[in-house]
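Quick note: the sequence shown uses the numbering used here, first residue 646, plus one each step. No residue lacks a Cβ here, since even glycine has one placed at the ideal position from N, Cα and C. These numbers were taken from a predicted model, which means no experiment stands behind them. Right, one structure below, let's go through it.
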Amino acid sequence: MADERSIADRLGALRAFLFDFDGTLVRQRVDFGLMRTRVREVLTAHGVPLGPLEGLYVLEMVERARRELAARDGDRAEALAREARVAIEEVELLGAEEAEALPGAAELLSELRGRGVGIGIVTRNCRVAVERVLARQPLAHDVLLTRDDVRHVKPDPSHLLSALEMLGVDGAQAAMCGDHPMDITAGHRVGALTVGVLADGADEEFFAEVRPELLVRGVGELRGYLCGSEHAPSEAPRGCGHE
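In structure tokens, the structure reads:
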């Protein structure tokens with residue numbers, strides 16, 4: 646990781662910040678074990694062998710199963726995708742019911758908004774679950790791109806690139822902040838400064854393979870870096886003005 650003073654200067658000069666949602670800005674108890682179980686049941690019902698898929702994330706598991714089944718039966722492949730999507734969303738919506746903003750998240754986003762910095766949320770969650778949380782826990786942002794809004798989700802860089810295009814900036818003018826290595830990988834792929842957000846009790850080794858430029862224990866810690874910087878963007882990025 647780079648020198649903290651240098652990082653503070655770089656953060657203060659950026660024109661946009663991209664954030665993961667679950668685990669970065671909000672805390673919600675999504676039962677990923679239940680989600681995987683229900684998806685496995687859908688795949689099994691459609692005769693898809695689970696063995697080759699077990700090492701994948703749930704969304705990638707469904708997409709690979711859909712592609713492989715589509716080669717034999719397109720209609721059944723689409724049915725599988727629909728059923729899996731419903732199963733995943735049901736679990737996400739359960740988690741959204743008691744979700745809450747993490748300490749310092751709202752204040753950080755307000756600080757960025759006051760500086761004219763563009764704010765994007767890029768998440769693999771479904772839009773309905775995210776919007777349900779934001780209706781209860783407002784978090785300032787200009788762009789929200791869920792998995793329902795893009796063709797490919799992070800760590801594919803196109804997820805972040807779409808958000809940056811909407812904000813009117815390029816990767817070199819932005820930071821990507823997230824609590825998972827895939828967030829950091831996606832940030833590196835678009836040339837952004839990367840911030841790893843350590844969950845409670847997490848060890849720094851969690852991000853060892855992807856090497857973010859900065860590690861913080863909670864996204865609210867970023868305010869300390871910003872408040873110590875004398876830089877401010879000279880032109881506010883474009884966005885939808887959506888809170």
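Per-residue burial, residue i [other beta carbons within 10 Å of its own, 16 or more giving buried]
i: Leu809; result: buried
i: Asp720; result: exposed
i: Cys885; result: Because the pLDDT of Cys885 is 32, which lies under 50, any placement of that residue in the model is unreliable, and the number read from its coordinates should be weighed accordingly. It counts as exposed.
i: Arg792; result: buried
i: Ala837; result: buried
i: Glu858; result: buried
Contact set for residue i: own chain, Cβ-Cβ below 8 Å, skip 5 residues either direction
i: Arg712; result: Ala722
i: Leu695; result: Arg685, Leu688 and Thr689
First through last residue of the alpha helix (DSSP H) which encompasses residue i
i: Gly823; result: Note, Gly823: premise wrong, no alpha helix (DSSP H); beta strand (DSSP E) at Ala819 to Gly823.
i: Leu806; result: Pro802 to Leu812
i: Leu754; result: Ala750 to Gly759
i: Gly740; result: Gly719 to Ala741
Contact set for residue i: own chain, Cβ-Cβ below 7 Å, skip 5 residues either direction
i: His804; result: Val767, Leu790, Val795, His797, Val798 and Ala831
i: Leu871; result: Leu656, Gly657 and Glu756
i: Leu784; result: Leu670, Ala746, Ala750, Ala751 and Leu754
Opening and closing residue of the beta strand (DSSP E) in which residue i lies
i: Leu663; result: Ala661 to Phe664
i: Leu838; result: Leu838 to Val842
i: Val790; result: Reading off the sequence, residue 790 comes out as Leu, not Val. Element bounds for Leu790: Val788 to Leu790.
C-alpha gap between residue i and residue j, whole angstroms
i: Glu705; j: Gly749; result: 32 Å
i: Gly692; j: Glu686; result: 10 Å
i: Val842; j: Arg660; result: 20 Å
i: Arg592; j: Gln782; result: Given that the chain is displayed from residue 646 to residue 888, the structure contains no residue 592 and the question cannot be resolved.
i: Leu679; j: Glu735; result: 10 Å
i: Ala820; j: Gln673; result: 23 Å
Residue i beta carbon near the ligand SAM (any heavy atom closer than 8 Å)
i: Gly719; result: The ligand content of the structure shown is nil, which means the ligand SAM is not present either.
Please confirm if the segment 735-743 is in contact with the segment 799-808, defined as three or more CB-CB distances below 8 Å between the two stretches. Counting Cβ pairs under 8 Å, fewer than three are found: no touch.
Report yes or no: do the segment 660-680 and the segment 770-785 share at least 3 C-beta pairs separated by less than 8 Å? In this structure the segment 660-680 lies against the segment 770-785, because at least three pairs of beta carbons, one per stretch, are closer than 8 Å.
Between the segment 839-847 and the segment 855-867, do at least 3 Cβ pairs fall closer than 8 Å? Contact between the segment 839-847 and the segment 855-867 is present: three or more C-beta pairs spanning the two stretches fall below 8 Å.
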